[in-house]
Each structure stands twice: as structure tokens, then as C-alpha cells.
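Our numbering applies: residue 500 is where the sequence shown begins, and numbers increase by one. Note that CB positions come from ideal geometry on N, CA and C, so glycine has one too. Structure, as C-alpha cells:
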Amino acid sequence: MSGGGMDVQFAKDDSKITSILWVGFLGEAGGAAIADVIFGYYYPSGRLPMTWYPQSYSYVDKVSMTNMNMRPDPVRVYPGRTYRFYNGPTVFSFGDGLSYSQFNHQLVQAPKLISIPLDEGHVCRSSNCKSIDAVEETCKNIDFNIHLRVKNVGKVTGSHTVFLFSSPPQVHNAPQKHLLGFEKVQLTPMAEGLVKFNVDVCKHLSVVDEQGNRKVALGHDDNVPSKIVDESASVISHDNL
Numbered sequence: 500m501s502g503g504g505m506d507v508q509f510a511k512d513d514s515k516i517t518s519i520l521w522v523g524f525l526g527e528a529g530g531a532a533i534a535d536v537i538f539g540y541y542y543p544s545g546r547l548p549m550t551w552y553p554q555s556y557s558y559v560d561k562v563s564m565t566n567m568n569m570r571p572d573p574v575r576v577y578p579g580r581t582y583r584f585y586n587g588p589t590v591f592s593f594g595d596g597l598s599y600s601q602f603n604h605q606l607v608q609a610p611k612l613i614s615i616p617l618d619e620g621h622v623c624r625s626s627n628c629k630s631i632d633a634v635e636e637t638c639k640n641i642d643f644n645i646h647l648r649v650k651n652v653g654k655v656t657g658s659h660t661v662f663l664f665s666s667p668p669q670v671h672n673a674p675q676k677h678l679l680g681f682e683k684v685q686l687t688p689m690a691e692g693l694v695k696f697n698v699d700v701c702k703h704l705s706v707v708d709e710q711g712n713r714k715v716a717l718g719h720d721d722n723v724p725s726k727i728v729d730e731s732a733s734v735i736s737h738d739n740l
């Protein structure tokens, strides 16, 4: 029980300890809730809302409370903040979590390329642009769907939380990954469910540049000369089972 991350590497490395239950500061019914999880009356399916750092890495010494920079700085041996930018070792990462069952995933629907139409006189039609403004008119109302089939292959009924991340191209000091959304599905043994995400290209896949402007990072497609093709949709489903 804690209000944040703890270094429990000793327990994680101990083969005799097969599971670790973490809870925040609970109310008067907290004891009963913990007992329900331990004795199987409730099936846990939570995910960590923060990254847990190893004490040996001296994270608190490397990251001053007065330094609000999110991005890592190797010159100052600054590892960055949050799962989006932190590049150091972890005990458990943001989004890690287990349940009493096991789940498989199969990608059912996702686009390979996302094209953004550009006006005839747009500067990116004749130059190698790294990005376009996410507030441009041509960038609006462009979205796509991600469908993922989830199957409970375990022996008990359980809930499973699916995270959807984007890993943008490394321009404008973009984060290494970014959470787009999450959905929870409850399934009986051997049952399947379809998890659906809708992604707004300019809203969800954009990054903030050095001047604070929101941009959509771009790639190129030689077969589509009239368009810039956005390859920043390298979207993955996150699961830690």
C-alpha cells in the first residue's frame, strides 16, 4: 500500500513470490476489498498509473523536484519524466499489470498508410517537410479505426485492459510513445471480444514542436505524388501479461 511507486525489485526477483498486489490509500472498506482480490472473489485487472523506478538508479537524485523538463538530457545525465520520455531502467513500467487469467490479441483492422491532402500551393508539396501544422484545414476530420480481437485463453472469467499507444517519428523531440486510449473488456474462459479505437490523426498523432506548436509528423510515399503520407501511425496495442 502506497501513494506512489516503490522499489520492490527484491520481490520481483524472488522465485517464491509469484504475484505482487499494489493498492493506493483506501477508505474504510479497503481491507475487505484486498481480501476479495486475494481469495478470488474479485478478479483484478488494474494497470499501474505510474512508472516504478529502481532505487539503485538514484532517480530522485537525477531528477530534481525543481526541474520540470519532461525530455531527457544526456549532457546533464537527466533521464526525463514519465513513460513518454523516461529512458532509464524500471522496476515496473506505466501500464504494467496482471490478472488471474491470460489473454491473446489479434489485430483485425488498422490502416497501413494515412494520407493528408495538401492544397496546390502548400510548401510541403515541393520540399521535404518533417511535419505540417495540426491546425490546418486539410488536417481536420481525418480519422481511422483500430480493431483488436481479445480472447480469454485462461480458466477463469477476467477483465483485461488494452492500451493503445502511438510511437511517432523522432522529429521535434517527440515522445518515445504516447497513450492514445484504453478500453476494458470482461470475458469468460475461451470467449472473445472486439476492442475498438477511433484515432483522430491531427488530435491524437500530433506532437508539440520546440516553439509550442502542434504538428503532425510526416513520411513520404513516392507512389502518391499529390499527397504527403503520414507514417506516424505506428500504433501498437500494449499488453503486459
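On a Cα-Cα basis, can you pick out the residue from the options that is closest to residue i?
i: Ala-633; options: Gln-508, Thr-517, Val-715, Val-661; result: Val-715
i: Gln-601; options: Val-522, Gln-675, Ala-690; result: Ala-690
i: Gly-680; options: Pro-674, Gly-596, Asp-699; result: Asp-699
i: Met-567; options: Ser-705, Gln-554, Asp-595, Tyr-585; result: Tyr-585
i: Val-522; options: Val-536, Asp-512, Ser-514; result: Val-536
i: Leu-612; options: Lys-683, Val-684, Asn-644; result: Asn-644
i: Val-684; options: Asn-603, Thr-581, Gly-526, Gln-710; result: Asn-603
i: Asn-640; options: Ile-615, Asn-712, Arg-580, Gly-530; result: Ile-615
Can you find the residues in the same chain that come closer than 8 Å, C-beta to C-beta, to residue i, ignoring five residues on each side of it along the sequence?
i: Val-607; result: His-646, Leu-647, Arg-648, Leu-693
i: Ala-510; result: Ile-516, Ile-519
i: Cys-623; result: Leu-617, Ile-631, Leu-717, Ile-727
i: Thr-550; result: Gly-504, Thr-581, Tyr-582, Tyr-585, Thr-589, Phe-591, Ser-592, Phe-593
i: Pro-709; result: A small fix is needed here, since residue 709 is Glu in this sequence, not Pro. Only His-671, Asn-672 meet the Cβ criterion.
Checking 9 Å against the spacing of the C-beta atoms, do residue i and residue j come in under that value?
i: Phe-591; j: Gly-504; result: yes
i: His-677; j: Val-652; result: no
i: Cys-638; j: Cys-701; result: yes
i: Leu-552; j: Asp-506; result: The sequence given here places Tyr at residue 552; Leu does not occur at that position. Result yes, Cβ atoms of Tyr-552 and Asp-506 sit closer than 9 Å.
i: Val-574; j: Lys-561; result: no
Once the 5 residues before and after residue i are set aside, which same chain residues still bring their CB inside 6 Å of it?
i: Thr-687; result: Thr-656
i: Asn-672; result: Arg-570
i: His-621; result: none
i: Arg-580; result: Met-569
i: Pro-674; result: Arg-583, Phe-584
i: Phe-696; result: Ile-645, Leu-663, Gly-680
i: Met-500; result: Val-522
i: Lys-650; result: Asn-603, Glu-691
i: Glu-682; result: Val-661, Val-694
Quick one: residues in its chain with C-beta nearer than 7 Å to the C-beta of residue i, no 5 flanking neighbours on either side, listed in chain order?
i: Tyr-556; result: Gly-587, Pro-588
i: Gln-508; result: Pro-553, Val-590
i: Asp-642; result: Asn-697, Val-698, Asp-699, Val-700
Can you tell me the Cα-Cα spacing of residue i and residue j, whole angstroms?
i: Ser-563; j: Ser-666; result: 27 Å
i: Tyr-541; j: Ser-598; result: 10 Å
i: His-703; j: Leu-717; result: 14 Å
i: Gly-594; j: Ala-532; result: 21 Å
i: Pro-578; j: Asn-712; result: 24 Å
i: Gly-529; j: Pro-610; result: 44 Å
i: Leu-525; j: Gly-596; result: 19 Å
i: Gln-605; j: Thr-565; result: 44 Å
i: Glu-636; j: Phe-538; result: 55 Å
Give a yes or no on whether 9 Å exceeds the smallest Cβ distance from residue i to chain C.
i: Gly-594; result: Absent from the structure: chain C. Only one protein chain is present.
Does the structure place the region 656-665 close enough to the region 537-554 that three or more beta carbon pairs sit under 8 Å?
yes
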